[in-house]
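Numbering follows this note's numbering, in which position 5 of the sequence shown is assigned residue number 1054; successive positions increment by one, without gaps. For glycine and all other residues, C-beta sits at the position ideal for the given N, C-alpha and C. Since the model is a prediction, treat every value here as computed from it, not as a measurement. A short write-up of the structure that comes next.
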Amino acid sequence: MKRFAVFASGYGSNLQAIIDALKKDKVSARLCLVVSDNKKAFALKRALKAGIPTVTFDPQSFVTRQAMDRAMIKELRTFHVDFVVLAGYMRILSPVFVKAFHNKILNIHPSLLPSFKGAHAIKDAFDYGVRSTGVTVHLVDEKVDHGPILAQEALSIRAKDTLRTLEARIHRTEHKMYPKIIDLFAKGKISTRRLAA
Ligand code: GAR
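Now the structure itself:
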């Protein structure tokens, strides 16, 4: 069975959805480590409660991003991690890290990429007035919120939607979608159109 780590910086609702799916045997892989860049992340409490080892890498303790990423790679090797799942990890990974886990880093982003990259994608789409937005799961490359797409789900923005209701709908979609895609990825049953070509 493949082993994976989840990286999270904050609230960790996607991490929780993954933990819940694992408990129901809906993800055929082992979550062996939760990594954060923020020792106050609620995600860490969720991991502890589920009995999953955690480690925090504080960016301020490292001179460069590469140095931090090298330390993270070392830690992941110690835990025999096969692939990495970013779930609200709000830090850019250096090329060193991306190369070390080439095509083995998944990210979830709350928009239909390549639209609305960045840290405020739901609000940006809502404020722009688009009629459809959604969720993207993709493999991570050297650019931010970028890389071969594994899955997308579109959501219509309804006239009665507020930012709050749209956020709730997007998060519900994420929580259903991410564990399923992680399961397929772990089984080698999902590919990208670009990789398949
Ligand atoms: C999620 O909506 C995720 O898609 C987003 O951060 C949120 C984390 O929520 N990620 C990005 O915007 C990446 N650019 P969570 O901590 O409750 O899982």
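Exercise for review: Just grab the DSSP bridge partners of Val1104 for me.
Suggested key: As a first step, residue 1104 must be located in the sequence shown, where it is residue number 55. DSSP, once it has assigned bridges, lists Val1084 as partnering Val1104.
Practice item. Confirm, please, whether the CB-CB distance from Lys1172 to Leu1233 is below 9 Å. Key: Position 184 of the sequence shown holds residue 1233. Position 123 of the sequence shown holds residue 1172. Against a cut-off of 9 Å, the Cβ pair of Lys1172 and Leu1233 comes out as no contact.
Check your understanding: Where does Val1112 land, buried or exposed, given buried means 16+ other C-beta within 10 angstroms?
Key -> Taking the sequence shown and counting its residues from 1, one reaches residue 1112 at position 63. Result: exposed.
Review point. Three-state secondary structure (DSSP) at Arg1114?
Key: Here residue 1114 refers to the residue found at position 65 when the sequence shown is read from its first residue. Arg1114: helix per DSSP, three-state reduction.
Check your understanding: Any idea what DSSP makes of Lys1229, helix, strand or coil?
Key -> Your numbering for residue 1229 matches position 180 in the sequence shown. In the structure shown, Lys1229 sits in a helix (DSSP, three-state: H, G or I).
Check your understanding: Where does the unbroken beta strand (DSSP E) through Ala1070 begin, and where does it stop?
Key -> Within the sequence shown, the letter at position 21 stands for residue 1070. Segment Ser1062 to Lys1072 is the alpha helix (DSSP H) holding Ala1070; no beta strand (DSSP E) there.
**Study point:** Rounded separation between Ala1090 and Ser1058 - CA only
**Key:** Locating residue 1090 in the sequence shown gives position 41, counting from the first residue. Locating residue 1058 in the sequence shown gives position 9, counting from the first residue. Each residue's Cα considered, the two are about 6 Å apart.
Practice item. May I ask you to report which of helix, strand or coil DSSP gives Thr1211? Key: To locate residue 1211, count along the sequence shown from 1; it is residue 162. In the three-state scheme derived from DSSP, where H, G and I count as helix and E and B as strand, Thr1211 is classed as coil.
Exercise for review: Return the chain-ordered list of same chain residues with a C-beta closer than 7 Å to the C-beta of Lys1236, the five sequence neighbours on each side being excluded.
Suggested key: What you label residue 1236 is simply residue 187 of the sequence shown in a count that begins at 1. Closer than 7 Å at Cβ, skipping near neighbours: Ser1077.
Exercise for review: Give a single yes or no on whether Met1139 has its beta carbon closer than 8 Å to a heavy atom of the ligand GAR.
Suggested key: As a working note, residue 1139 is residue 90 in the sequence shown. Yes - the ligand GAR has a heavy atom lying nearer than 8 Å to the Cβ of Met1139.
Check your understanding: Where does Glu1191 fall in DSSP's three states?
Key -> In the sequence shown, the residue the question calls residue 1191 occupies position 142. Coil at Glu1191, not helix or strand.
Practice item. Would you mind reading off the limits of the alpha helix (DSSP H) that contains Phe1175? Key: Along the sequence shown, read from residue 1 onward, the residue named residue 1175 stands at position 126. Its alpha helix (DSSP H) spans residues Ala1170 to Tyr1177.
Review point. Are the beta-carbon atoms of Lys1148 and Val1133 separated by less than 9 Å?
Key: Indexing the sequence shown from 1 puts residue 1148 at position 99. Indexing the sequence shown from 1 puts residue 1133 at position 84. Not in contact: Lys1148 and Val1133 (Cβ atoms no closer than 9 Å).
Check your understanding: Should the region 1176 to 1187 be regarded as contacting the region 1135 to 1151, the criterion being three or more beta carbon pairs within less than 8 Å?
Key -> Contact between the region 1176 to 1187 and the region 1135 to 1151 is absent: fewer than three C-beta pairs spanning the two stretches fall below 8 Å.
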